[in-house]
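Participant: Going down the list, the sequences are from chains A and B. For the first sequence, full-length UniProt numbering gives the first residue as 1, with consecutive numbering after it. For the second sequence, full-length UniProt numbering gives the first residue as 1, with consecutive numbering after it. Just dropping this structure here.
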Amino acid sequence: MATATVAAEPAVRIEKQPEKQSGIRPSGWVGFLFIAPNLLGVVAFTLIPLISVIVLAFTDWNLVSGLGGITFTGIDNFVAIARDPGFWHAVALTLVYVAVSVPLTVVLGLGLGIALNRPLPGRAVLRAIFFLPYIVNVVAIGMTWLMLMNPKAGLVNQVLDVFGIQPAWFASSHWALPALIVMAIWGGVGYCSLIYLSALQDAPRQLYEAADIDGASAWAKFRVITWPSLLPTTIFLMVTLIIGASQGFGLIALITAGGPGDATTTISYYMYQTGFQFYRFGYASAIGLVTFVGVLVLTLLTWRAQRGRALND
Amino acid sequence: MTKSKWLWGLPLWILAIAFLAPFAWMISTALKPDGAAYKIPMQWIPNPFQWDNFSTVLSGATSVLPAFGRSVFVAALRVAGELITATMAGYAFARMSFKGRDKLFLLYLATAIIPAQLLLVPRFIYFQKLGLYDTLWALILPGMFTVLGTFLMRQFFISQPAEFAEAARMDGANEWRVFTRIYLPLATPVMSALGILAFVWSWNDYETPLVLISNPDKYTLPLSLTNFVDEQGQIAPGLTMAASVISIVPVLLVFIVLQRRFIAAMTHTGIK
Chain A
1 MATATVAAEP
11 AVRIEKQPEK
21 QSGIRPSGWV
31 GFLFIAPNLL
41 GVVAFTLIPL
51 ISVIVLAFTD
61 WNLVSGLGGI
71 TFTGIDNFVA
81 IARDPGFWHA
91 VALTLVYVAV
101 SVPLTVVLGL
111 GLGIALNRPL
121 PGRAVLRAIF
131 FLPYIVNVVA
141 IGMTWLMLMN
151 PKAGLVNQVL
161 DVFGIQPAWF
171 ASSHWALPAL
181 IVMAIWGGVG
191 YCSLIYLSAL
201 QDAPRQLYEA
211 ADIDGASAWA
221 KFRVITWPSL
231 LPTTIFLMVT
241 LIIGASQGFG
251 LIALITAGGP
261 GDATTTISYY
271 MYQTGFQFYR
281 FGYASAIGLV
291 TFVGVLVLTL
301 LTWRAQRGRA
311 LND
Chain B
1 MTKSKWLWGL
11 PLWILAIAFL
21 APFAWMISTA
31 LKPDGAAYKI
41 PMQWIPNPFQ
51 WDNFSTVLSG
61 ATSVLPAFGR
71 SVFVAALRVA
81 GELITATMAG
91 YAFARMSFKG
101 RDKLFLLYLA
111 TAIIPAQLLL
121 VPRFIYFQKL
131 GLYDTLWALI
141 LPGMFTVLGT
151 FLMRQFFISQ
161 PAEFAEAARM
171 DGANEWRVFT
181 RIYLPLATPV
191 MSALGILAFV
201 WSWNDYETPL
211 VLISNPDKYT
221 LPLSLTNFVD
231 EQGQIAPGLT
241 MAASVISIVP
251 VLLVFIVLQR
261 RFIAAMTHTG
271 IK
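Shown next, in the form of structure tokens:
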């Protein structure tokens, strides 16, 4: 899965160093030669496609009409998107999917991370077990869960039979999205717990000792010390998971093909469908661009909301 | 002490076993005849063991081994290419100075936030024009030259003292020697982290080949797992699970052998 984010730490920024002090000597074109192999590839396989997708978003073009059939239509695609009920349905579904799966994964990951931070029998093995779903390819995972969630005879419903509930999961337009959410949580919790675990190990130990002397309760210590010190990690995880949950379409293409009906046609799957099943390249590019900007705004808002809270504390 | 250890340990272990259930189910089903896959109640230990599923997915017309080989080929070239180009570029961005360096780096920063999914449509068209569509090169080439790998390496090299280079240059070493003899040996831990990441990205990638590969004879391993689903969408449980187990083994081996470094790579970069 090619979802990627640049981590909050180490922070990526351009350090403006005085050349003399940093010991960097102007090396003329030699430095450029070092970068050239990577740069050529990035230009060819990332930059040109990126410019193309922006240009394509302002065209009407499909596979059948060939290269000659490309026509510039200005902002028509974006106007069409604004009026497209399919698009807004996909946006709403994606928002529900993100709003339920991301906070649940982060909170459960935090709980698990705190639990794993204690002395435990077989701690290293436990960590590895919870992390395992994260490193397995989406097809093996998808096929397994599809059978586990078989409405009639799957293992999940055999267990749920005890409680007298039998969801039809991927066969039901009500249960298909919850089924994907269950899978997302199972797949992401271990990853979150490991990130929290490494952050917890940097937690300010003296503060806990001081709190112990003051006789603070476990909850007070969590609220006043642990939670604030973990806030950057929480923001980082939210952003990473929001991007992942809104961009990935592999699992949906594999298991539900957006269905039943359009019950799991999230925005990324809608783009995939428009582009690679209907071959409407111009419209698909416009959807991709709008989605990208939307996700960017959403992650920036998450960032700011959390930062605001941190400053108020 | 040990008592309180188990007070937390026991519930966590129970949770861990529940977490592993899908994997246990996968292995169990891989060793069963198809009729037994949905037995109620669930039969965890296959009786009898059916090893035929594995021989079917490993031989003859249904073999996933060619796809396995293609996945190895793609991963090997991607890992090698990314390590070479990202290390050189990351080093130059951090420790060399040339005209336009910072502007170029800003461009890199800007493209780093572009999700791969957004580029699939133009890549689909573009690779068709270049004659790379439906070839393994459509998967390999973009993976060899990455912005994120360059970042990772730059962040490492910028944390290394510049004085080493100064001293070596005074002794008359050229830039290539400074890079290969002084800084590169220091970078092996980061390079192995990047190598692990590149391998896992490549090995598990499903979305890119789904879009850019159509000929079943070119399928990489994740795509080939869908070969055991018939036209009506009926899954052959035993064969699919046997092939799935095989698809997991390489990543699992790397994970077990390099666990510490693997987890550090995944958690410190936030890159999946």
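For each residue, glycine too, the CB sits at the ideal point set by N, CA and C.
(1) On the premise that residue 25 of chain B lies in contact with residue 56 of chain A, defined as a C-beta separation below 8 angstroms, what is that separation, rounded to the nearest angstrom?
(2) Compare the C-beta of residue 232 of chain A with all C-beta atoms of chain B and state if any pair is closer than 9 angstroms.
(3) Classify residue 40 of chain B as helix, strand or coil using the three-state DSSP reduction.
(4) When the cut-off is 9 angstroms and only beta carbons count, does residue 326 of chain A lie next to chain B?
(5) Out of curiosity, what's the CA-to-CA distance linking residue 241 of chain B and residue 39 of chain A?
(6) For residue 47 of chain B, does the three-state DSSP call read helix, strand or coil?
(7) Given that a residue counts as buried once 16 or more other Cβ atoms are within 10 Å of its Cβ, and exposed if not, what is residue 150 of chain B?
(8) When you compare each of B/35, B/59 and B/231 to residue 48 of chain B by their alpha carbons, which one comes out closest?
(9) Whose C-beta lies closer than 8 angstroms to the C-beta of residue 134 of chain B among residues of the same chain, with five residues either side of it excluded?
(10) Determine the chain A residues that contact residue 123 of chain B at a beta-carbon separation under 8 angstroms, and present them in chain order.
(11) Please report whether the beta-carbon of residue 115 of chain A lies at a distance below 9 angstroms from any beta-carbon of chain B.
(12) Indicate whether residue 87 of chain B and residue 184 of chain B have their beta-carbon atoms separated by less than 9 angstroms.
(13) Could you pull out every residue in the same chain whose Cβ sits closer than 6 angstroms to the Cβ of residue 255 of chain B, ignoring the five residues on either side in sequence?
(14) Which residues, in order along the region 174-192 of chain B, keep a beta-carbon less than 9 angstroms from a beta-carbon of chain A?
(15) Assuming residue 144 of chain B and residue 194 of chain B form a contact by the criterion Cβ under 8 angstroms, report the distance between their Cβ atoms to the nearest whole angstrom.
(16) In chain A, which residues lie less than 9 angstroms from residue 319 of chain B when you measure between Cβ atoms?
(17) Nearest-angstrom Cα distance between residue 225 of chain A and residue 215 of chain A?
(18) DSSP state of residue 240 of chain B, grouped into three classes?
(19) Any Cβ of chain B within less than 9 angstroms of the Cβ of residue 268 of chain A?
(20) Quick check on the DSSP output: the alpha helix (DSSP H) that includes residue 155 of chain B runs from which residue to which?
(21) If residue 93 of chain A and residue 265 of chain A are in contact, beta carbons under 8 angstroms, what's the gap, nearest whole angstrom?
(22) Taking CB distances under 9 angstroms as the criterion, tell me whether residue 23 of chain A reaches chain B.
(23) Is any non-hydrogen atom of the ligand COA found closer than 8 angstroms to the C-beta of residue 292 of chain A, if you look at the structure I gave you?
(24) Where does residue 29 of chain A land, buried or exposed, given buried means 16+ other C-beta within 10 angstroms?
(25) In the DSSP output, what is residue 229 of chain B paired with across the bridge?
(26) Please list, in chain order, all residues of the same chain as residue 22 of chain A whose beta carbon is under 6 angstroms from its beta carbon, the five residues on each side excluded.
(27) Can you tell me where the alpha helix (DSSP H) with residue 206 of chain B in it begins and where it stops?
(28) State the beta-bridge partners of residue 72 of chain A as determined by DSSP.
(29) What do you get for residue 32 of chain B, buried or exposed, if any count of 16 or more other CB atoms within 10 angstroms of its CB means buried?
(30) For the alpha helix (DSSP H) containing residue 238 of chain A, name the first residue and the last one.
(31) Within the chosen definition, does the region 170-185 of chain B reach the region 115-134 of chain B through at least 3 CB pairs nearer than 8 angstroms?
(32) Please decide whether residue 77 of chain A counts as near chain B, where near means a Cβ-Cβ distance under 9 angstroms.
(33) Between which residues of its own chain and residue 89 of chain B is the CB-CB distance below 6 angstroms, once the five residues before and five after are set aside?
(34) Does the beta-carbon of residue 131 of chain B have 16 or more other beta-carbons within 10 angstroms, so that it is buried, or is it exposed?
(35) Runs of 4 residues minimum, wholly inside the region 62-131 of chain A: which ones carry the alpha helix (DSSP H) assignment?
(36) How should residue 119 of chain A be labelled, buried or exposed, when 16 other C-beta atoms within 10 angstroms of its C-beta is the threshold for buried?
Facilitator: In brief:
(1) The pair is not a contact, with the Cβ atoms about 43 angstroms apart (cut-off 8 angstroms).
(2) Judged by the 9 angstroms Cβ criterion, residue 232 of chain A is not in contact with chain B.
(3) The answer is coil: DSSP assigns residue 40 of chain B none of H, G, I, E or B.
(4) The structure shown does not extend to residue 326 of chain A, since chain A is modelled only from 1 to 313, so the question has no answer here.
(5) Roughly 41 angstroms between the two C-alpha positions.
(6) The answer is coil: DSSP assigns residue 47 of chain B none of H, G, I, E or B.
(7) Classification for residue 150 of chain B: buried.
(8) Residue nearest to residue 48 of chain B within the set B/35, B/59 and B/231 is B/35 (criterion: CA-CA distance).
(9) Contacts found: 212, 213, 214, 215 and 218.
(10) Result: 45 and 49.
(11) In terms of beta-carbon proximity, residue 115 of chain A lines the interface with chain B, with at least one pair separated by less than 9 angstroms.
(12) Against a cut-off of 9 angstroms, the Cβ pair of residue 184 of chain B and residue 87 of chain B comes out as a contact.
(13) Excluding residues up to 5 positions away in sequence, 262 lie with their Cβ nearer than 6 angstroms to the Cβ of residue 255 of chain B in the same chain.
(14) Flagged, chain order: 174, 175, 176 and 179.
(15) About 13 angstroms; that fails the 8 angstroms criterion.
(16) Here chain B comprises residues numbered 1 to 272, so residue 319 of chain B is not present and cannot be evaluated.
(17) When rounded, the separation of the alpha-carbon atoms in residue 225 of chain A and residue 215 of chain A is 14 angstroms.
(18) DSSP, read as helix, strand or coil, puts residue 240 of chain B in helix.
(19) Yes, residue 268 of chain A counts as interfacial toward chain B.
(20) In this chain, the alpha helix (DSSP H) harbouring residue 155 of chain B covers 147-158.
(21) For residue 93 of chain A against residue 265 of chain A, the beta-carbon gap comes to about 7 angstroms, under 8 angstroms, which counts as contact.
(22) Residue confidence for residue 23 of chain A is low, a pLDDT of 46 falling below 50, so the modelled location carries little weight; the figure read from the coordinates is stated next. Answer yes: the Cβ-Cβ gap between residue 23 of chain A and chain B drops below 9 angstroms somewhere.
(23) The ligand COA is absent from the structure shown, which contains no ligands of any kind.
(24) Answer is exposed; the Cβ neighbour count stays below 16.
(25) Looking at the DSSP output, residue 229 of chain B bridges to B/235.
(26) Legend: pLDDT at residue 22 of chain A = 45, less than 50; position of this residue unreliable, no value from coordinates given.
(27) Element bounds for residue 206 of chain B: n/a, residue is neither H nor E.
(28) Residue 72 of chain A is bridged to A/59.
(29) Burial call: buried.
(30) 227-247 is the span of the alpha helix (DSSP H), which, as asked, contains residue 238 of chain A.
(31) Short answer: they don't touch.
(32) Not a single C-beta of chain B is nearer than 9 angstroms to the C-beta of residue 77 of chain A.
(33) Shown here for residue 89 of chain B: same chain residues with a beta carbon closer than 6 angstroms to its own, the five before and five after excluded, namely 150 in chain order.
(34) Looking at its Cβ environment, which holds fewer than 16 other Cβ atoms inside 10 Å, residue 131 of chain B is exposed.
(35) Secondary structure within the region 62-131 of chain A: the alpha helix (DSSP H) runs of 4 or more consecutive residues, fully enclosed, are 76-82, 85-116 and 123-131 (chain order).
(36) Its Cβ having fewer than 16 others within 10 Å, residue 119 of chain A is exposed.
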